[in-house]
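Visitor:
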Amino acid sequence: MNNGLNNNGAGFEVEETNSLKDYVNLIKLNLIPILLITFTGLTVAIIFAIISKDIYTASTSLKIAKPNGGGILDAPLLPEFSDFGNDRFIANEIEILKSYRLRTIVATSLIDSFNVIAQPDSFYNIFDRSIDFDREAYKLKNINDLVLMLEDTKIEQKRGLDIVTISYESHSPFEARLITNAYADAYENLSLKYTRQQLTTVVQFLKEQRKDKYSALLEVEEKIKTFQVEGGIIALDEQAKALIDMLSTFESQRDAAAIEMMATEKMVNSYKTEINRLNPSISKYIESFATKPKMKGLQEQIAQLEMQRDLAISDSSVTIESEAKLISETNKRIAELKIELNKELETYKQSIFAASPEELKELSISLLEAEVKYESLKSTISKTKEIVNQYEARFNELPKQTISLARLTRELNANEKLYLLVEEKYQESLIVEQSTAGNVLIIDPAIRPLLPSKPNRKLIVLIGLILGMGIGFAFAFIKDFLDNTVKTPEDIQKKNINVLGWIPKIEGITLNKEFEFIIAKKSDSIYSEAFRALRTKIQFAKIDKKSINTIHVTSSTPSEGKTTVSVNIAGSFAQTNRKTVIVDCDLRKPRMHKVFASQRFPGFTDYFLGEATFESIVHKSELPNLDFITAGTIPPNPSEILGSQQMLAFIDKLKVIYDLVVIDSPPIIAVTDSEILSRIADASILVASAGETDIELMTKAVDLMRHENKSFIGVVLNKFSYRSGYGSYYKYYYYYSHNRDNSKVKHKTTV
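Those letters in the sequence shown? Residues 119 to 869, by our numbering.
#1: Alpha carbon to alpha carbon, what distance is there between glutamate 634 and lysine 612?
#2: Quick check for students: name the residue ranges of the beta strand (DSSP E) that lie wholly in the stretch 532-618, counting only runs of 3 or more.
#3: Judging by CA-CA distance, which residue of Glu541, Gln508, Thr161 is the nearest neighbour of glutamine 327?
#4: In terms of alpha-carbon separation, which member of Leu138, Ser177, Leu144, Glu793 lies closest to phenylalanine 599?
#5: If you draw a straight line from the alpha carbon of leucine 279 to that of lysine 181, how long is it in whole angstroms?
#6: Suppose contacts are defined by Cβ-Cβ distances below 9 Å. Is asparagine 557 in contact with lysine 184 by that definition?
#7: Compute the distance between the beta-carbons of leucine 153 and glycine 809, then report whether it is under 9 Å.
#8: According to DSSP, which residues form a beta bridge with aspartate 280?
#9: May I ask which residues mark the beginning and end of the beta strand (DSSP E) holding isoleucine 871?
#10: Identify every residue that forms a DSSP beta bridge with glutamate 873.
#11: Have a look at phenylalanine 719 and leucine 147 and give me their C-alpha separation to the nearest angstrom.
#12: With DSSP as the reference, label alanine 806 as helix, strand or coil.
#13: For valine 699, report the span of its alpha helix (DSSP H) as first-last.
#14: Roughly how far, in whole angstroms, is the beta-carbon of asparagine 602 from the beta-carbon of aspartate 812, given that I think they are within contact range, below 8 Å?
#15: How many whole angstroms separate the CB atoms of serine 386 and alanine 488, which I take to be in contact at a CB cut-off of 8 Å?
#16: What residue does the beta strand (DSSP E) around serine 673 start on, and which one ends it?
#17: If I measure Cβ to Cβ from arginine 575 and keep anything under 7 Å in the same chain, skipping five residues before and after, which residues do I get?
#18: With distance defined between alpha-carbon atoms, name the residue in Leu365, Ile615, Pro151 nearest to lysine 597.
#19: Closer than 6 Å by C-beta to leucine 559: which residues in its own chain qualify, once you throw out the five before and the five after it? Chain order, please.
#20: In whole angstroms, what is the alpha-carbon distance linking asparagine 686 and asparagine 827?
#21: On the three-state DSSP scale, how would you describe asparagine 836?
#22: Residues in its own chain within less than 8 Å of tryptophan 885 by CB, not counting five upstream and five downstream?
#23: Can you name the start and end residues of the alpha helix (DSSP H) that valine 820 belongs to?
#24: Closest by CA to valine 162, which one among Ala819, Val701, Ile581, Pro784?
#25: Can you give the Cα-Cα distance for serine 734 and lysine 655, rounded to whole angstroms?
#26: How many angstroms separate the CA atom of serine 227 from the CA atom of aspartate 172?
#27: In whole angstroms, give me the CA-to-CA distance for asparagine 394 and tyrosine 218.
#28: Does DSSP put phenylalanine 830 in a helix, in a strand, or in coil?
#29: By DSSP, does valine 780 sit in helix, in strand, or in coil?
#30: Pick from Val736, Lys712, Ile505: whose alpha carbon is nearest that of glycine 721?
#31: Report buried or exposed for threonine 318, applying the criterion of at least 16 other Cβ atoms within 10 angstroms of its Cβ.
#32: Would threonine 672 and proline 756 qualify as a contact pair, given that the criterion is a beta-carbon distance under 9 Å?
#33: For the alpha helix (DSSP H) holding aspartate 791, just list the boundary residues, first then last.
#34: Under 9 Å between the Cβ atoms of isoleucine 499 and aspartate 428?
#35: If you run the structure through DSSP and keep just helix, strand and coil, what is isoleucine 445?
#36: Residue range of the alpha helix (DSSP H) that aspartate 724 falls in?
What follows is the structure in structure tokens.
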């Protein structure tokens, strides 16, 4: 305790620090509310875990490959794509998976599945359920609600891999599997449809051309038969046959290139339509690359060399050695030009890839390839036409009668070769179309989950327990933070105020007022021992060693137990054979007569007014050596009476008769009565109630008592619960009391 501090100075606050013991004791003090809150949190968590419905998660894995481009109509000179932005490609595909369009397809598929399965008990999320769960109460959500519901589908890419997982949660394991697989199937079909879209366009075009060329071939055959019957010419000479064969060959090449160019044009238009729908400026930008003079020049040179090579092959006048040498040199030059063309094309690809929006990069590259191929075919057709014109000039030099048959034969050969080329392309396109797989592979289809993935009931209970404990601890700390009352003797000492002692909270005092005079009623109790310890501290409290004959007891506010403390202090001194009297000077709210079960009248105010004698106002208590004087009639001017010379003379008279005078006064904050009485007392004591007295009010009361007098000796902490955590701060001492058999029993308490 802080006995060595200056009790009369203004005082200063000692820096407050909290140790681990402070927190432990705070928890002990609030153990019951902490346990109640923790139990509540745990109970709520258990109830929630029990009533929560099981949630099942089904998932499927997809491998998404970046398309390589190319196809049946790709020219041999075009190289394979470089692998640009694979991670971005997967990110784009994930956005497609999350798109409204795909969710609409999945929603439609779910409605169809329900109509086929027709087992409402197997579904949950796709229904709007009424209160009763009869079969008739199931109502299928409309497609817009289903599309909105499918936003909950979880789509994730496995880090560093081209693997995407699709998962869905539902209270129905069957529904979770159905929706997950429906999502994967819809995406796979959409990808396949998009991959085959351009090939399907080409197949349809070649199918029409195949039909037209076949009809033209039959028509020419009929014309030849008619001409042979009517003209009488059955066969051509060898020179005419050779000329017709060469001419029909180049004509069929020209027409085949024209058909391929038209098919390519359809692909170009298809790509442009798709791109223009999203960004019209991109297609014009790409077309400007494909028609650059350097690109066109290289394509024309390649076409020219290829025609020269074909002419050399068809010229019978050229020797085998010369033909082989010419073909070798021409092929070498063509290869060099193609390498140069490929470099230019690769540069353009990179430029377009960088300039195109993310969602159009693949389409932009495909459009560039188609545009380049289209221009290449135009150059081939142009050069082939030149050769055809040369052979037509030679053809027209044949005899007139021979020319007619030759023309028909030439037309027949050309149509036959062209039909065979178209048929070959058509069959090849069919095979490629059917064999072309999408860029999506379903690795693991979703299976019906056997165990729920949620809720994790153990985790819920654990979280409830931890959360309950956390809230309980928070409650204790917040309550302590907001509580500005005195709780422990240390709280008083931290304000540089002397602590005389503490009095335990007297159990049952509210129900039985006799317990207020505990030192007389139960002299062997722990409470009585606390008052005896307080008596000892009071005896040695004065620094100047002046004897204490008058003790003034007050408090900062009402109901802090000052009367109880006053009575028991007086009783403890009386037990030491000191003749003691206690005076009830609380003229605002006197209650000492209730403690002694006596009448308030007559009292010392009646003596002052001459309405009672001194002997009549002095009452004997049940303790030897202890008398008490009640307040008597409450006057209208208590302060004047207490500050009068008559009051001083009255106290002096008591000091002559008694060894010790104890004065019970009103609260010092409320009125000035206590300040007046503190000036005539040898020692002044302030009573503070643990958990009730505000620290600031207590400090203000001490300042008032210290002002202009040196009678203040310290604070008594009343109603202190030594069994709480705070009690562990004090050393233990032992006191002895007699039990009913007069045997000594050892009790443990703290001071």
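Even glycine gets a Cβ: it sits at the ideal position worked out from N, Cα and C.
Here the structure is a predicted model, which means the values were calculated and not measured.
Guide: Per the coordinate set shown:
#1: By 1-based counting over the sequence shown, the position of residue 612 is 494. By 1-based counting over the sequence shown, the position of residue 634 is 516. Roughly 30 Å between the two C-alpha positions.
#2: 558-562
#3: Taking the first residue of the sequence shown as 1, we reach residue 327 at position 209. For the residues Glu541, Gln508, Thr161, the minimum Cα distance to glutamine 327 belongs to Glu541.
#4: Start at 1 with the first residue of the sequence shown, and residue 599 comes out as number 481. Of the listed residues, the one whose Cα sits closest to phenylalanine 599 is Leu144.
#5: The count along the sequence shown starts at 1 and reaches residue 279 at position 161. The count along the sequence shown starts at 1 and reaches residue 181 at position 63. Cα to Cα, the separation comes out at about 9 Å.
#6: Here residue 557 corresponds to residue number 439 of the sequence shown, with the count starting at 1. Here residue 184 corresponds to residue number 66 of the sequence shown, with the count starting at 1. Yes.
#7: Residue mapping note: residue 153 aligns to position 35 of the sequence shown, counting from 1. Residue mapping note: residue 809 aligns to position 691 of the sequence shown, counting from 1. Not a contact, by the Cβ cut-off of 9 Å.
#8: For this step, residue 280 is matched to residue 162 along the sequence shown. Aspartate 280 pairs with nothing; no bridge assigned.
#9: Nothing about residue 871 can be reported from this structure: the residues present for the chain run from 119 to 869 only.
#10: Look at the range of the chain in this structure, 119 to 869, and you will see that residue 873 is not part of it.
#11: Position 601 of the sequence shown, counted from the first residue, corresponds to residue 719. Position 29 of the sequence shown, counted from the first residue, corresponds to residue 147. Roughly 44 Å separates the two Cα atoms.
#12: As a first step, residue 806 is located in the sequence shown; it is residue number 688 there, counting from the start. Strand at alanine 806.
#13: Stepping through the sequence shown from its first residue, residue 699 is reached at position 581. Run containing valine 699: none in the alpha helix (DSSP H); it sits in the beta strand (DSSP E), 698-702.
#14: The count along the sequence shown starts at 1 and reaches residue 602 at position 484. The count along the sequence shown starts at 1 and reaches residue 812 at position 694. Confirmed, about 6 Å.
#15: Here the question's residue 386 lines up with position 268 in the sequence shown. Here the question's residue 488 lines up with position 370 in the sequence shown. Reading off the sequence, residue 386 comes out as valine, not serine. Confirmed, Cβ separation roughly 5 Å.
#16: As a first step, residue 673 must be located in the sequence shown, where it is residue number 555. Unbroken beta strand (DSSP E) run through serine 673: 668-673.
#17: Indexing the sequence shown from 1 puts residue 575 at position 457. Taken in chain order, the residues that qualify are Ala167.
#18: For the purposes of this step, residue 597 is taken as residue 479 along the sequence shown, with counting starting at 1. That would be Pro151, whose Cα lies nearest to the Cα of lysine 597.
#19: Position 441 of the sequence shown, counted from the start, is the residue given in the question as residue 559. Excluding positions up to five away in sequence, the list reads Lys181.
#20: Taking the sequence shown and counting its residues from 1, one reaches residue 686 at position 568. Taking the sequence shown and counting its residues from 1, one reaches residue 827 at position 709. Straight-line Cα distance between these residues: approximately 25 Å.
#21: One-based indexing of the sequence shown puts residue 836 at position 718. DSSP places asparagine 836 in strand when its eight states are reduced to three.
#22: The structure shown does not extend to residue 885, since the chain is modelled only from 119 to 869, so the question has no answer here.
#23: Here residue 820 refers to the residue found at position 702 when the sequence shown is read from its first residue. Unbroken alpha helix (DSSP H) run through valine 820: 813-824.
#24: Working through the sequence shown from its first residue, we reach residue 162 at position 44. Considering only alpha carbons, the answer is Ile581.
#25: Here the question's residue 734 lines up with position 616 in the sequence shown. Here the question's residue 655 lines up with position 537 in the sequence shown. Those two C-alpha atoms are separated by around 34 Å.
#26: Taking the first residue of the sequence shown as 1, we reach residue 227 at position 109. Taking the first residue of the sequence shown as 1, we reach residue 172 at position 54. Computed Cα separation, rounded: 25 Å.
#27: Here residue 394 refers to the residue found at position 276 of the sequence shown. Here residue 218 refers to the residue found at position 100 of the sequence shown. So the alpha carbons of these two residues sit roughly 21 Å apart.
#28: Walking along the sequence shown from the start, residue 830 turns up at place 712. Three-state DSSP puts phenylalanine 830 in a strand.
#29: Walking along the sequence shown from the start, residue 780 turns up at place 662. Strand, per DSSP.
#30: By one-based count along the sequence shown, residue 721 stands at place 603. Glycine 721 has its Cα closest to that of Val736, out of Val736, Lys712, Ile505.
#31: Here residue 318 refers to the residue found at position 200 of the sequence shown. Exposed.
#32: Stepping through the sequence shown from its first residue, residue 672 is reached at position 554. Stepping through the sequence shown from its first residue, residue 756 is reached at position 638. Cβ distance not < 9 Å, so threonine 672 and proline 756 don't count as in contact.
#33: If you number the sequence shown from 1, residue 791 lands on position 673. Run containing aspartate 791: 791-797, per the alpha helix (DSSP H) assignment.
#34: Residue mapping note: residue 499 aligns to position 381 of the sequence shown, counting from 1. Residue mapping note: residue 428 aligns to position 310 of the sequence shown, counting from 1. The answer is no: Cβ separation not under 9 Å.
#35: Indexing the sequence shown from 1 puts residue 445 at position 327. In the structure shown, isoleucine 445 sits in a helix (DSSP, three-state: H, G or I).
#36: Counting from 1 along the sequence shown, the entry for residue 724 is found at position 606. Counting along the chain, the alpha helix (DSSP H) containing aspartate 724 begins and ends at 722-726.
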